Every structure is written in structure tokens, then in C-alpha cells.
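Single-structure report; data block below.
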Amino acid sequence: MKRYLIDDPTSFKNLRMEELDAPRPLRGQVLVRMRAASLNYRDLLIATGRYRLVEEVKQAFVPLSDGAGEVVENGVDAQKFKPGARVAITFVPGLVHGNVTRDRLGALRGFPTDGVLSEYQVFEEEDLVKLPDEISFEEGACLPCAGVTAWNSLFCGPQPLLPGQTVLTIGTGGVSVLALQLARAAGARVIITSSSDAKLERMRALGSWEGINYRTHPEWQEEVLRLTGGVGVDHAVESGGPGTLARSVASTRFGGSIGMIGVLVQGEINPIGIMHQGLAMRSVLTGSRAMLEDLVKAVANTGLHPVIDRTFPFAEAVSAYVCLQAAGHVGKIVITIG
């Protein structure tokens, strides 16, 4: 079998492929033939040495956290999935229910726990979720991190999204686009931002209610308020971080909620505006296996198809990183493996 390794996290161009025998599953483990993997912004940070703790790497690791494949062999006491079963891999090893805890942060898949950019990989049985036939391997590979993050932000907080409510989502990356799709499937209206009118047109085709070009409207919170009659949105899925949070706060109605899903732009956070707006704001660090199971059911039942911008073969993994870094994509970038 072949797999990719990172042992010099200073550039994704240092990805190296090695050949070795396929591993054998131990007690409670399952050997999976990987069929597809998707990239997240976190994967780019890891490969370029900008992710926290990555400078402390002591040994090579397999990159990428999100993947799907089929079961090949079960270890002793692993009986949930038969050989040939289609599965998606959870992002947080061992987290069956609830939200990510501090101790789990030290074991996230793709770093420091080995990831999925490998032809075969062994996983604990509890870290697998059945993938129905309605969802392709490529689509299934988009769900464990980006999909669960969007799902958690919208439906698992103190104020779950309701039909008829309005959602603001920032940008057109993997989490934001999946948040748009999930919110629309739940009967909500979605306002989405982008620096590109062409990308906003693609979002309208997916069902966005309104799109705002933040280059044309740098004070885009004013546009959000105009569109909502001065009230603001019920939920904001905030991926920009402190650099955009003040505008998201101003865009959200009194008593609304904000899910902080990422930090792309640095800045300072002023808690006064959050308090005065009576907002429920929380950090969303992906989620549990149970959330992935619920998400997979929702995707299959609604016929939702995650947006895949580009697909690369396994041999061109570095090109997939180049595409991610260029930031011209909409939705997800996928690597096909088998």
C-alpha cells in the first residue's frame, strides 16, 4: 500500500509518499480501504507549520482528517461493520457524544493522530459511521469535520435553528457552503458573504436568499441589517474570527446566536457588544460521532450533495494543497484514493 507522510511541516511540498505493507487491525479495530479524502483549512496550516503545536512534531504523521472508505477486515471483537461496508471516519477519535473536551484536542485526526491520506488505514470501530449508498465516498469525505462543524453550529447549540429563521454565513469555504445547504434544507433563509460576485451567483443557485460582496460593501453588517429590516439574523456562522466578529455581532438580532468556527483574520474581541446584544456565542470545535451520524442521515434523507469544487487523484495530493492555498474554490477539495 501507499500513504503520504509529513515529517517536515514547513511546506506541503514536503509531503512524501511511502510504500509499506497494509496494517492489520488489533482488538476492537477495523481496517478500511480509503476511497476519498477532503481538505480543510486546518490541513493547510498543519502542512505549513502554522498550526498550534505542529512545531513540536517528533515523528512523521499521515495528514488529512476527513475521509471515507470501505471495511476490509475486522479485528477481534469488532463486529459492527461487515467487510464491504461503506463508512466515514470521525474527526475526533473516541468522542461518541457531546462536544470536544480539552483532552481530545491533543488527539485530533490528521495531526497528531494519523490521518486518512493513505490507501489503507486502521481505525477504532467506535470511530466509524455507516455511509448509506445515497452518499458517494467523495461526498462522505466532506462531512466529518466541515459538515459536523456546520451541523453543530446550526443545530446543537442552546438555540437550534428553526424553519423560517435567517442565517448569516461568512465566505464560501467548506463549512460555510455546507451551512448554507443544511440551513436551506431546514427551511431557513441564508445570507452569505464573499469577495466574488461569481461565487455569490453560485451560492444563489444553491438557494441563498441574499449574497453580499464584502469588497463592494466593506461595512457589510449594514447590508445585513438592511436586508433583515433592521432586525438582524437569528444565527451567524462566523469563520473569520476576531477580524470579522464585530460585524457579525452587529448583524445578529438581540438574543441571537453566533457559532465561532474558525479564525482567518486576526483582531480584538470586544465583549461589550456581545453582552449588550444578549447573544449566545460559542466556539464550535467540530463534534461527536453522534453528530456525524445525525448529519449523515439528514444528508441522505434530504438528497443534499456537498459542493465539491475540484477533485484530484491520489498521486496529485500536492496539487490539491496548491488549490486550497489559492483560495479560489467554492465548497470542498477532494482527493480520490481508491
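For the sequence shown, the numbering used here begins at 52 and goes up steadily by one.
By construction, the Cβ of each residue, glycine as well, lies at the ideal position given by its N, Cα and C atoms.
Computed from a prediction, not measured in an experiment: that's the story for all the values here.
Around the CB of G389, fewer than 16 other CB atoms lie within 10 Å, so the residue is classed as exposed. Under DSSP, S299 takes part in no beta bridge, so it has no partner. DSSP, read as helix, strand or coil, puts T353 in helix. Here the alpha carbons of L115 and G161 stand approximately 4 Å from one another.
Look at R304 here: in three-state DSSP terms it is strand.
Comparing alpha-carbon positions, the option among A341, S290, A331 lying closest to G222 turns out to be S290. V81 places its beta carbon less than 7 Å from that of A129.
Using a C-beta cut-off of 8 Å, the segment 184–199 makes contact with the segment 84–97, since at least three inter-stretch Cβ pairs fall below that distance.
Counting only runs of 4 or more residues that sit fully inside the segment 118–187, no alpha helix (DSSP H) segment turns up.
In this structure, the straight-line span from the alpha carbon of E270 to that of Q328 is close to 19 Å. Taking 7 Å as the cut-off, the beta carbon of R235 is found closer than this to the beta carbon of G258. Assignment of I388 by DSSP, reduced to helix, strand and coil, places it in the coil class. As the crow flies, the alpha-carbon of Y372 is around 29 Å from that of A136. Of all alpha-carbon atoms in I97, E177, S227, F188, the one lying nearest the alpha-carbon of A201 is that of S227. Here V143 is buried, its C-beta having at least 16 other C-beta atoms within 10 Å. Going by beta carbons, V335 and I312 fall inside the 7 Å limit. L375 carries a helical assignment under DSSP once its states are collapsed to helix, strand and coil. For L66 and D58, the gap between their C-alpha atoms comes out near 8 Å.
For the pair S308 and A366, the Cα-to-Cα distance works out to about 42 Å. Per DSSP, S89 lies in no alpha helix (DSSP H); the unbroken beta strand (DSSP E) holding it starts and ends at 80–90. Counting along the chain, the unbroken beta strand (DSSP E) around A287 starts and ends at 284–289. Of the candidates A287, C207, D165, the residue whose Cα lies closest to the Cα of L343 is C207. Annotation: Q232 to P364 spans about 26 Å, alpha carbon to alpha carbon.
Distances from the alpha-carbon of R93 to those of Q376, H268, H380 put Q376 closest.
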